[in-house]
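Undergrad: Residue numbers (the working numbering), protein chains in the order written: chain A, 92 to 273; chain B, 92 to 273. Think of the CB as a built atom: it goes at the ideal place given N, C-alpha and C, for glycine as much as any other residue. Nothing here was measured: the structure is a model prediction, and the numbers come from that model. Take a look at this one; I'll ask things after.
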């Protein structure tokens with residue numbers, strides 16, 4: 092097995108296919124990681140959450156890290172890491188377009204639910220769900236993937252030329268083929 | 092849908108079933124998240140990596156956050172968040188027992204591979220793989236899970252009383268049943 096870089100173009104293509112990630116915030120150098128759903132569009136990850144400690148940390152310190160991946164096993168995975176900036180899409184006229192875009196993207200991918208229907212019980216007490224739309228501006232992007240060590244795979248089309256909605260497995264196969272062209 | 096707390100006992104039980112997580116480090120309040128495999132034992136997560144920027148960050152600042160989960164979809168998930176301390180199990184007589192334990196636990200769960208067989212290509216240059224064993228001491232543990240909003244499920248046995256190796260789905264069902272006892 093080998094671990095190889097994924098190019099920026101390939102990372103961006105993978106980001107259109109992946110929707111579940113983990114987002115890290117930090118306060119006093121203590122990281123705090125939570126799962127989240129996102130939809131990638133033109134240099135930004137759009138997402139939705141409800142107010143809580145994690146959102147408060149990102150409001151106080153917008154430096155975040157997003158990791159998203161497809162992990163089949165120890166020897167077959169692709170992982171993308173993003174260093175980015177948190178931007179809250181507050182309900183103001185200035186941010187209406189971006190907020191509408193977030194709503195549209197998340198609805199389209201069914202990555203959203205009506206927060207009014209969701210209650211959080213903390214130590215038995217219901218907490219109100221305040222919806223928060225935000226986006227992460229991608230400042231730095233990198234990716235790694237596993238590849239067979241001694242194998243050469245027949246080259247196929249690159250992921251970017253593939254027809255609509257190739258599976259992650261297809262993308263990985265294409266990545267490998269490209270990297271292992273004889 | 093409702094979001095509910097998972098008790099500490101249930102978190103610890105889930106940690107014996109889950110092995111894939113994401114670990115966040117921080118430097119100058121910039122978080123950095125990577126996927127990792129772990130094996131839980133008695134208040135610690137044991138793991139293995141190779142030297143890289145992430146390990147260097149954790150060496151400089153041992154405050155870490157581990158998130159592990161089972162996510163079926165937006166409305167069906169359980170997630171555990173750990174604030175902990177990174178401790179490297181260096182190859183010294185003092186840490187031999189802990190290092191052997193890490194090796195044993197990771198081997199048992201097949202969460203380990205021979206680093207000599209793995210090369211990392213960074214910008215086309217092979218980087219040596221230096222194995223690093225480490226553990227995360229759990230300082231703070233919390234968990235959340237989704238549960239149906241208006242449903243009451245017949246109570247079943249608690250996860251702790253279940254026979255060996257219940258699936259995550261069984262554990263979730265038992266959690267829900269316990270929380271929704273009429």
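(1) I want to know whether the region 114-127 of chain B touches the region 152-172 of chain B - three or more CB-CB distances under 8 Å.
(2) What are the complete beta strand (DSSP E) segments, minimum 3 residues, inside the region 110-149 of chain A?
(3) Run the CB neighbour count on residue 193 (chain B), radius 10 Å, all protein chains shown included, and call it buried at 16 or more, exposed below.
(4) Check whether the Cβ atoms of residue 203 (chain A) and residue 165 (chain B) lie closer than 9 Å to each other.
(5) Flag this pair as touching only if the region 136-155 of chain B and the region 222-240 of chain B have three or more C-beta atom pairs under 8 Å; answer yes or no.
(6) Can you find at least 3 beta carbon pairs, one from the region 166-183 of chain A and one from the region 227-236 of chain A, that sit closer than 8 Å?
(7) Run down chain A in chain order and give the residues with a C-beta less than 9 Å from the C-beta of residue 162 (chain B).
(8) Could you tell me which chain B residues have their CB closer than 7 Å to the CB of residue 117 (chain A), listed as they occur along the chain?
(9) Looking at C-alpha atoms only, which residue of B:261, B:226 and B:264 is the closest neighbour of residue 133 (chain B)?
(10) Does residue 225 (chain B) have its Cβ less than 9 Å from a Cβ in chain A?
(11) Just how far apart, CA to CA, sit residue 112 (chain B) and residue 154 (chain A)?
(12) Just to confirm my understanding: we take residue 179 (chain B), look at its own chain, exclude 5 residues before and 5 after, and list those with CB closer than 6 Å. What are they?
(13) Relative to chain D, which residues along the region 137-160 of chain A have a C-beta separation below 8 Å, given in chain order?
(14) Could one say the Cβ of residue 228 (chain B) lies closer than 9 Å to chain A's Cβ atoms, at least one of them?
(15) Please list, in chain order, the chain A residues whose beta carbon lies closer than 9 Å to that of residue 165 (chain B).
(16) Chain A partners of residue 172 (chain B), CB-CB under 8 Å?
(17) Quick one: what does DSSP say residue 188 (chain A) is sitting in, helix, strand or coil?
(18) When you compare the CB of residue 114 (chain A) with every CB in chain B, is at least one pair closer than 9 Å?
(19) Once DSSP output is grouped into helix, strand and coil, what is the label at residue 180 (chain B)?
(20) Are there 16 or more other CB atoms within 10 angstroms of the CB of residue 231 (chain A), so buried, or fewer, so exposed?
(21) Looking at the structure shown, is residue 101 (chain B) part of a helix, part of a strand, or coil, going by DSSP?
(22) Please state whether DSSP places residue 199 (chain B) in a helix, a strand or coil.
(23) By DSSP, does residue 106 (chain B) sit in helix, in strand, or in coil?
(24) For the beta strand (DSSP E) holding residue 221 (chain A), just list the boundary residues, first then last.
(25) Whole angstroms is fine: what's the gap from residue 211 (chain B)'s alpha carbon to residue 92 (chain A)'s?
(26) Take the Cβ of residue 162 (chain B) as the centre, count every other Cβ of all protein chains shown within 10 Å, and call the residue buried at 16 or more, exposed below.
(27) Just how far apart, CA to CA, sit residue 114 (chain A) and residue 128 (chain B)?
(28) Taking 9 Å as the CB-CB limit, is residue 195 (chain B) close to chain A?
(29) Between which two residues does the beta strand (DSSP E) containing residue 166 (chain B) stretch?
TA: In brief:
(1) Proximity of the region 114-127 of chain B to the region 152-172 of chain B meets the contact definition, three or more beta-carbon pairs being nearer than 8 Å.
(2) Whole beta strand (DSSP E) segments, 3+ residues: 111-118, 121-132 and 135-141.
(3) Sequence index remark: in the second chain, residue 193 (chain B) carries index 102 (1-based). Its Cβ being crowded by 16 or more others within 10 Å, residue 193 (chain B) is buried.
(4) What you label residue 203 (chain A) is simply residue 112 of the first chain in a count that begins at 1. What you label residue 165 (chain B) is simply residue 74 of the second chain in a count that begins at 1. Result yes, Cβ atoms of residue 203 (chain A) and residue 165 (chain B) sit closer than 9 Å.
(5) Note that the region 136-155 of chain B touches the region 222-240 of chain B; at least 3 beta-carbon pairs, one per stretch, sit closer than 8 Å.
(6) They touch, by the three-pair rule.
(7) Here residue 162 (chain B) refers to the residue found at position 71 when the second chain is read from its first residue. Listed along chain A, the residues sitting closer than 9 Å to residue 162 (chain B) by beta-carbon distance are 111 and 126.
(8) Working through the first chain from its first residue, we reach residue 117 (chain A) at position 26. Residues of chain B whose Cβ lies closer than 7 Å to the Cβ of residue 117 (chain A) are, in chain order, 117, 120, 121 and 122.
(9) On the second chain, position 42 is the one that residue 133 (chain B) refers to. Taking residue 133 (chain B) as reference, the option from B:261, B:226 and B:264 with the minimal CA-CA separation is B:226.
(10) Locating residue 225 (chain B) in the second chain gives position 134, counting from the first residue. No, no contact with chain A.
(11) Indexing the second chain from 1 puts residue 112 (chain B) at position 21. Indexing the first chain from 1 puts residue 154 (chain A) at position 63. C-alpha separation (whole angstroms): 21 Å.
(12) For the purposes of this step, residue 179 (chain B) is taken as residue 88 along the second chain, with counting starting at 1. So the list reads 225, once near-sequence residues are dropped.
(13) No chain D appears in the structure shown, which is made up of the protein chains A and B.
(14) By 1-based counting over the second chain, the position of residue 228 (chain B) is 137. So no, residue 228 (chain B) is outside the interface.
(15) Working through the second chain from its first residue, we reach residue 165 (chain B) at position 74. Within chain A, the residues near residue 165 (chain B) are 128, 201, 202, 203 and 204.
(16) The residue labelled residue 172 (chain B) in the question sits at position 81 within the second chain. Within chain A, the residues near residue 172 (chain B) are 123, 124 and 125.
(17) Residue 188 (chain A) sits at position 97 when you count from the first residue of the first chain. Here residue 188 (chain A) sits in helix by DSSP.
(18) Here residue 114 (chain A) refers to the residue found at position 23 when the first chain is read from its first residue. At least one CB of chain B lies nearer than 9 Å to the CB of residue 114 (chain A).
(19) Here residue 180 (chain B) refers to the residue found at position 89 of the second chain. The answer is coil: DSSP assigns residue 180 (chain B) none of H, G, I, E or B.
(20) As a position in the first chain, residue 231 (chain A) is number 140, starting the count at 1. An exposed status is given to residue 231 (chain A), since fewer than 16 other beta-carbon atoms sit within 10 Å of its beta-carbon.
(21) Residue 101 (chain B) sits at position 10 when you count from the first residue of the second chain. Here DSSP, grouped into helix, strand and coil, assigns residue 101 (chain B) to helix.
(22) Counting from one through the second chain, the residue named residue 199 (chain B) turns up at place 108. Note: residue 199 (chain B) maps to helix in three-state DSSP.
(23) The residue you call residue 106 (chain B) lines up with position 15 of the second chain. Helix at residue 106 (chain B).
(24) Taking the first chain and counting its residues from 1, one reaches residue 221 (chain A) at position 130. Neither: residue 221 (chain A) is in no beta strand (DSSP E) and is coded neither H nor E.
(25) Reading the second chain from its first residue, position 120 is the one you call residue 211 (chain B). Reading the first chain from its first residue, position 1 is the one you call residue 92 (chain A). When rounded, the distance between both Cα atoms is 9 Å.
(26) Counting from one through the second chain, the residue named residue 162 (chain B) turns up at place 71. So residue 162 (chain B) counts as exposed.
(27) Reading the first chain from its first residue, position 23 is the one you call residue 114 (chain A). Reading the second chain from its first residue, position 37 is the one you call residue 128 (chain B). Spanning the two alpha carbons is a distance of roughly 18 Å.
(28) Numbered from its first residue, the second chain carries residue 195 (chain B) at position 104. The C-beta of residue 195 (chain B) comes no closer than 9 Å to any C-beta of chain A.
(29) In the second chain, the residue the question calls residue 166 (chain B) occupies position 75. It is not in any beta strand (DSSP E) - residue 166 (chain B) carries neither H nor E in the DSSP assignment.
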